[in-house]
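**Q** If you use this note's numbering, the sequence shown corresponds to residues 3 to 1233, in order. Even for Gly, the Cβ is constructed at its ideal location relative to N, Cα and C. Since this is a predicted model, take the numbers as computed values, not measurements.
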Amino acid sequence: MLPVYQEVKPNPLQGANLCSRVFFWWLNPLFKIGHKRRLEEDDMYSVLPEDRSQHLGEELQGFWDKEVLRAENDAQKPSLTRAIIKCYWKSYLVLGIFTLIEESAKVIQPIFLGKIINYFENYDPMDSVALNTAYAYATVLTVCTLILAILHHLYFYHVQCAGMRLRIAMCHMIYRKALRLSNMAMGKTTTGQIVNLLSNDVNKFDQVTVFLHFLWAGPLQAIAVTALLWMEIGISCLAGMAVLIILLPFQSCFGKLFSSLRSKTATFTDARIRTMNEVITGIRIIKMYAWEKSFSDLVTNLRKKEISKILRSSYLRGMNLASFFSASKIIVFVTFTTYVLLGNVITASRVFVAVTLYGAVRLTVTLFFPAAIEKVSEAIISIRRIQNFLLLDEISQRNRQPPSDGKKMVHVQDFTAFWDKDLQLLEDGDLTVIGDRGTTLSGGQKARVNLARAVYQDADIYLLDDPLSAVDAEVSRHLFELCICQTLHEKITILVTHQLQYLKAASQILILKDGKMVQKGTYTEFLKSGIDFGSLLKKDNEESEQLPVPGTPTLRNRTFSESSVWSQQSSRPSLKDGAVETQDTENVPVTLSDENRSEGKVGFQAYKNYFRAGAHWIVIIFLILLNTAAQVAYVLQDWWLSYWANQQSTLNVTVNGGGNVTKKLDLNWYLGIYSGLTAATVLFGIARSLLVFYVLVNSSQTLHNKMFESILKAPVLFFDRNPIGRILNRFSKDIGHLDDLLPLTVLDFIQTLLQVVGVVSVAVAVIPWIAIPLVPLGIVFIFLRRYFLETSRDVKRLESTTRSPVFSHLSSSLQGLWTIRAYKAEERCQELFDAHQDLHSEAWFLFLTTSRWFAVRLDAICAMFVIVVAFGSLILAKTLDAGQVGLALSYALTLMGMFQWCVRQSAEVENMMISVERVIEYTDLEKEAPWECQKRPPPTWPHEGVIIFDNVNFMYSLDGPLVLKHLTALIKSREKVGIVGRTGAGKSSLISALFRLSEPEGKIWIDKILTTEIGLHDLRKKMSIIPQEPVLFTGTMRKNLDPFNEHTDEELWNALQEVQLKETIEDLPGKMDTELAESGSNFSVGQRQLVCLARAILRKNQILIIDEATANVDPRTDELIQKKIREKFAHCTVLTIAHRLNTIIDSDRIMVLDSGRLKEYDEPYVLLQNKESLFYKMVQQLGKAEAAALTETAKQVYFKRNYPHIGHTDHMVTNTSNGQPSTLTIFETAL
């Protein structure tokens, strides 16, 4: 296992003083590093002790355990929410005080704004007292602004930390639970679902804590604002508040609809990711079967359903954003229309106090409050899902034994002898990195690592579940003698095996059938009673397995006396023969490259590709115009109000000169234009939102399809080089961003950017002098943003690369759950998970703090702007009228939150564009040859099935070693060829070359057609393969047999009948249309192998390839498979890669491969005549009796084929009845 991460840089926050904490100065050194070079993992600060995954997880787990106990006592269902509240309420309550101060400051601001505007309305150049008071007001206004700037970010930082803690604790608990799930529970949940809990559901906690306090702050602030407005403009304020209140349920309706759509989308997303997971896991098989199109349709359909839901929820979101954008306009419109119609006179101070107050309350009421409701409801759904998961059954925890004192460890040394050679072949010896789930090791090597791990544990009882089947005969024998019988001879060992030759060494033999014990006894007892193992296993139609039990081997002396010495000698030279010559040739040279973090800025190209994927240029130009129109209408509406107020006040002044009558302005004209502008603002706002969403979701759809298509066409090597998690990440997280977050963020950014531009333009239009201080502020801002992004981009990338290991670790743990439990490695895995989490937390912590560092500085720039506008307008009081000042100042105040939000969103868009880049990167992978070419083979091809290898070299990648060297061979029509060789001799590579999983050099002809000249599907569809690891896919049995619906029901049932699965399938509730569990896990390996055989029978191809298909199957199933192959494929060319020589001894010819070269190729009997041949040595290693039997069979077959007129049958019968049951079994299997 990986070392737990070393201690990292101490966290400077621990020793920071108050000032440094408020302004986030303690981060400056990090930004300096980020400015100089790219940040790496060791630049991150260590996690604060209170944020460590283990500490947080155990704390929450404690509360949850108490809650479960309480619920049991009260006979209720335990509530996870309650446990969370009990754990965190104190620390979270304190943050409420922050909220209170901040929201109060927002309400006080407008009052002082009003006082300043008042000064302009009653402007008297001689009155110095009034001027001084105005200066005082301006000072209070700026102080308020500064307080807001600082408080807001401290508050946000702390609530986000609270969210992070909750998320980490949850992840810890979910993982801990996953390690303890019982068998029943595993059936109720899937890997995809657990990964989803960990990737999507817990992320809701990060968001919910941010808004939670607004559930009470919102209503409170609304009441305060209403009171102030009442004092300012009397009863009319109620009209505006009424609109606000009406908008609320409107928005919560949206929220409700949205979350229901959300959960529907989630089920489709789950299904799509689960299917993707299977596609990527089983990609080899899918390619060999040429089933890509079927899966492509499957995923495309799921994706269509998912996208239609996403589009609907996006439109809802668009309406929501648009209503937010235009809400303030509608409110102000209703308020002042009412105000004027009630016969009051508009004044600038009233207008802008009202506008600013509404602005303050609007954010809280229309954004934070509904967001709080939405996030809380989402969090509740997530908590419910997690709670259901945490309540699943666990396996009962036994008391752990104390570890033994390690006396017995000596035995291990004898054992490692055999794996040594393999270790030499691996480049870095025992430090070689093996791929995701051991991709780089061959089956035999995986089996041995597994066994080594078991022996290393030094337990008292060993349960070995057929470790010998995946390795070839010589290794198997070596493992049995040196490891199982010597190293473990003092231990109780239970060995499940299909290999009858080892029964002699057992002190007890149990024969099982259908889970019941059929026979029990010692080998000698069985011999005396004349029981014949083969027939025992054959009696019945059901599957059966036997379990010999080697314990303290009493019989060992007798059996091994003759052969032991011989085996010791023979296993050495056979190693030296030729195998050490090169790298272990079977191993795909896989370098698991680290996930590449693209550096630097996201290029303009990415944006262009992103938008172009969504719509035509014309649509995009229209979109730009629409946005501009919306913003212009937005500003004009406010400007009209201020113009109206000014007209009114000039009117008052002139009339006052003559008689004291206030003239009314022409209401209809002013109100009419005002209404028109308001309507325009609303309409443009809505149209713009919907269009943006339409374009961007469309783009996500296009890119997903391109990426998926590109993945299906990628060569197999790509999947060996990239772990599943990394590819899946593109389909889950990155596509998730494109579907969901990116369109929202882009729209939000466009809206806020335009508003900022609007604010600045208005200010400059009113006081042109403002342009002068704007220039340095702008320069500072641009520099700051660039400086910040250098670091922030790295932090964000570190965050996503440190997140991957958390998922990889989870999914490897789920796949290796039984192994982890068997070795009691739960603690270690949990520690490792916590270490992965802590590493991610380091990145996340920096992500939170760096963005706050930036935001504080941005708001400082805005505060400067407000100060400049406030004092500038007082200095230039002569030239300005009240309406203009009101407009400029109230706009400047809105800039506070908005400007930094705009910049954050721009950085956010840029960060999310990384997802787009990653997706685009996968839309353009290297492709394997085309599926169909111009040159199509005739439909009946290959009717002969002649295969010619002409000087074939094969490697898995361009820079990899040769795995097949100068292979030349002819396989005649209908010939049965066995392919044998040690682990790593290149047997599977031969098949890869035949299927063109990577392009071979040299020529391979099938029936006079060069395989490299035709399309891959044309080639692969014409060869059937029974793969080494039988793969079933989620879906119905029918889909698994016949994904393209090319066969009738009758044909399918017949095929199932042939492989004796008909009864099993008929017992299922939906017969052939029953949905299988995830990757067919409700069938045993044997049954899955039979399904693969049924697929081959259905395809009726002229060429059949069997890749070690019989490795993990009990003799009965094995025999059935062998029999069917001989019956059904008698007229076909059959290539069999075998580990057990008895399956291929009756072949027409045998290919012996050794480290990628064809060493021998002839009839088995002929090869056995040559005592020097490798094949002869392989047969001899099985022990005398077995070797004799095999030779005899080979002889029979040879004579039958070459001299059919000589009757050999009598000879055969006498041979079998001499009381050697083991030969007999071999016999029946071999025929």
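In terms of residue numbering, what span does the alpha helix (DSSP H) encompassing D467 cover?
**A** To locate residue 467, count along the sequence shown from 1; it is residue 465. Careful: D467 lies outside any alpha helix (DSSP H), inside the beta strand (DSSP E) at I463 to D467.
**Q** Applying the criterion that 16 or more other CB atoms from any shown protein chain within 10 Å of the CB defines a buried residue, is V777 buried or exposed?
**A** Translated into positions along the sequence shown, residue 777 becomes position 775. It is exposed - the Cβ of V777 has fewer than 16 other Cβ atoms within 10 Å.
**Q** Can you name the start and end residues of the beta strand (DSSP E) that S1026 belongs to?
**A** In the sequence shown, residue 1026 corresponds to position 1024, counting from 1. First-last of the beta strand (DSSP E) with S1026: M1025 to I1028.
**Q** Mind checking who V1136 pairs with in its DSSP beta bridge?
**A** Numbered from 1 along the sequence shown, position 1134 holds the residue referred to as residue 1136. The partner list for V1136 (beta bridge, DSSP) reads K978 and L1106.
**Q** Within its chain, find whatever has a CB closer than 8 Å to the CB of R178; leave out the 5 residues flanking it on each side and keep chain order.
**A** For the purposes of this step, residue 178 is taken as residue 176 along the sequence shown, with counting starting at 1. Once the five neighbours on either side are set aside, the close Cβ partners of R178 are G59, Q63 and Q832.
**Q** Under 6 Å Cβ to Cβ from V758, same chain only, skipping five residues before and after it: list those, please.
**A** Within the sequence shown, numbered from 1, the residue matching residue 758 stands at position 756. Excluding sequence neighbours, V758 sits near F901 and C904.
**Q** Measuring CB to CB, does L466 end up less than 7 Å from Q501?
**A** Taking the first residue of the sequence shown as 1, we reach residue 466 at position 464. Taking the first residue of the sequence shown as 1, we reach residue 501 at position 499. Going by C-beta atoms, L466 is not nearer than 7 Å to Q501.
**Q** Return the chain-ordered ranges of every alpha helix (DSSP H) run that is complete within the region 193-258 and spans a minimum of 4 residues.
**A** Listed in chain order, they are 193-198, 205-213 and 216-235.
**Q** Please state whether DSSP places G616 in a helix, a strand or coil.
**A** For the purposes of this step, residue 616 is taken as the residue at position 614 of the sequence shown. Three-state result, G616: helix.
**Q** Applying the criterion that 16 or more other CB atoms from any shown protein chain within 10 Å of the CB defines a buried residue, is P12 buried or exposed?
**A** Translated into positions along the sequence shown, residue 12 becomes position 10. That one is exposed.
**Q** Leaving out the 5 sequence neighbours to the left and right, which residues in its chain are closer than 8 Å to L822 when beta-carbon positions are compared?
**A** Numbered from 1 along the sequence shown, position 820 holds the residue referred to as residue 822. The amino acid at residue 822 is misidentified as Leu; the sequence shows Ile. Here the set comprises L181, S815, E828 and C831.
**Q** In this structure, how does DSSP classify Y525 when only helix, strand and coil are distinguished?
**A** Translated into the one-based positions of the sequence shown, residue 525 becomes position 523. Correct three-state label for Y525: helix.
**Q** Can you tell me the Cα-Cα spacing of K34 and E294, whole angstroms?
**A** Position 32 of the sequence shown holds residue 34. Position 292 of the sequence shown holds residue 294. Rounded to whole angstroms, K34 to E294 spans 50 Å at the Cα level.
**Q** Under 6 Å Cβ to Cβ from T144, same chain only, skipping five residues before and after it: list those, please.
**A** The residue you call residue 144 lines up with position 142 of the sequence shown. Only I869 meet the Cβ criterion.
**Q** Does DSSP classify R1151 as helix, strand or coil?
**A** Taking the first residue of the sequence shown as 1, we reach residue 1151 at position 1149. It is a strand residue.
**Q** Counting pairs of Cβ atoms below 8 Å between the region 628-637 and the region 670-687, do you hit three or more?
**A** Taking 8 Å as the limit for Cβ pairs, the verdict is that the region 670-687 does touch the region 628-637.
**Q** Cα separation between R352 and E234?
**A** For this step, residue 352 is matched to residue 350 along the sequence shown. For this step, residue 234 is matched to residue 232 along the sequence shown. Taking the straight line from one Cα to the other gives about 7 Å.
**Q** Note down, in chain order, each residue of its chain lying with its Cβ closer than 6 Å to the Cβ of K331, except the 5 sequence neighbours on either side.
**A** In the sequence shown, the residue the question calls residue 331 occupies position 329. Q639, T680 and T683, listed in sequence order.
**Q** I1006 lies in the beta strand (DSSP E); which residues open and close that run?
**A** Sequence index remark: in the sequence shown, residue 1006 carries index 1004 (1-based). I1006 -> beta strand (DSSP E) spans E1003 to I1008.
**Q** Let me check understanding here. Comparing Cα to Cα, which of D668, T147 and L359 lies closest to G345?
**A** Taking the sequence shown and counting its residues from 1, one reaches residue 345 at position 343. Ranking the options by Cα distance to G345, first place goes to D668.
**Q** Determine the burial state of I385: buried for a count of at least 16 other Cβ atoms within 10 Å of its Cβ, exposed for fewer.
**A** On the sequence shown, position 383 is the one that residue 385 refers to. With 16 or more other Cβ atoms within 10 Å, it is buried.
**Q** Could you check which residue in V921, L1155, A1098 and S55 has the C-alpha nearest to that of G986?
**A** Start at 1 with the first residue of the sequence shown, and residue 986 comes out as number 984. Of V921, L1155, A1098 and S55, the residue nearest in Cα terms is L1155.
**Q** Specify, as a first and last residue, the run of the beta strand (DSSP E) that N848 falls within.
**A** Sequence index remark: in the sequence shown, residue 848 carries index 846 (1-based). What sits at residue 848 in the sequence shown is Leu, not Asn. Careful: L848 lies outside any beta strand (DSSP E), inside the alpha helix (DSSP H) at E828 to I877.
**Q** Could you tell me which residues DSSP pairs with E1162 in its beta bridges?
**A** The residue given as residue 1162 occupies position 1160 in the sequence shown. DSSP, once it has assigned bridges, lists V1154 as partnering E1162.
**Q** Just verifying my parser: in three-state terms, what is the DSSP assignment at M519?
**A** By one-based count along the sequence shown, residue 519 stands at place 517. It is a strand residue.
**Q** Going by Cα to Cα distance, which pick from A857, S1026, H945 and Q1030 is closest to F26?
**A** Locating residue 26 in the sequence shown gives position 24, counting from the first residue. Per the Cα distances, A857.
**Q** Is there contact here, the region 974-992 with the region 1044-1053, by at least three beta-carbon pairs under 8 Å?
**A** Judged by Cβ distances under 8 Å, the region 974-992 makes no contact with the region 1044-1053, as fewer than three pairs qualify.
**Q** Using DSSP with H/G/I as helix, E/B as strand and the rest coil, what is E42?
**A** Within the sequence shown, residue 42 is the residue found at index 40, counting from 1. Note: E42 maps to coil in three-state DSSP.
**Q** Name the one or two DSSP bridge partners that T495 has.
**A** To locate residue 495, count along the sequence shown from 1; it is residue 493. Y464.
**Q** In three-state terms, what does DSSP make of V954?
**A** Looking up residue 954 in the sequence shown gives position 952. Strand at V954.
**Q** Of all the options D883, S691 and A187, which has the alpha carbon lying nearest to the alpha carbon of Q650?
**A** Taking the sequence shown and counting its residues from 1, the one referred to as residue 650 is at position 648. The option with the nearest alpha carbon to Q650 is D883.
**Q** Quick check: the region 333-342 against the region 240-248, are there 3 or more CB pairs under 8 Å?
**A** Yes, the region 333-342 is in contact with the region 240-248.
**Q** Please report how far the alpha carbon of R54 lies from the alpha carbon of S794, in whole angstroms.
**A** Working through the sequence shown from its first residue, we reach residue 54 at position 52. Working through the sequence shown from its first residue, we reach residue 794 at position 792. Those two C-alpha atoms are separated by around 23 Å.
**Q** Please list, in chain order, all residues of the same chain as C173 whose beta carbon is under 7 Å from its beta carbon, the five residues on each side excluded.
**A** Along the sequence shown, one-based indexing puts residue 173 at 171. Answer for C173: L200, V204 and Q839, listed in chain order.
**Q** Figure out for me which residue from L168, E42, P112 and F158 has the closest Cα to the Cα of A83.
**A** By one-based count along the sequence shown, residue 83 stands at place 81. Reading off the sequence shown, one finds Thr at residue 83, where the question assumed Ala. If we check each option's Cα against that of T83, L168 comes out closest.
**Q** Tell me which residue opens and which closes the beta strand (DSSP E) that H1141 is part of.
**A** In the sequence shown, counting from the first residue as 1, residue 1141 sits at position 1139. That residue, H1141, is in no beta strand (DSSP E); it is neither H nor E in DSSP.
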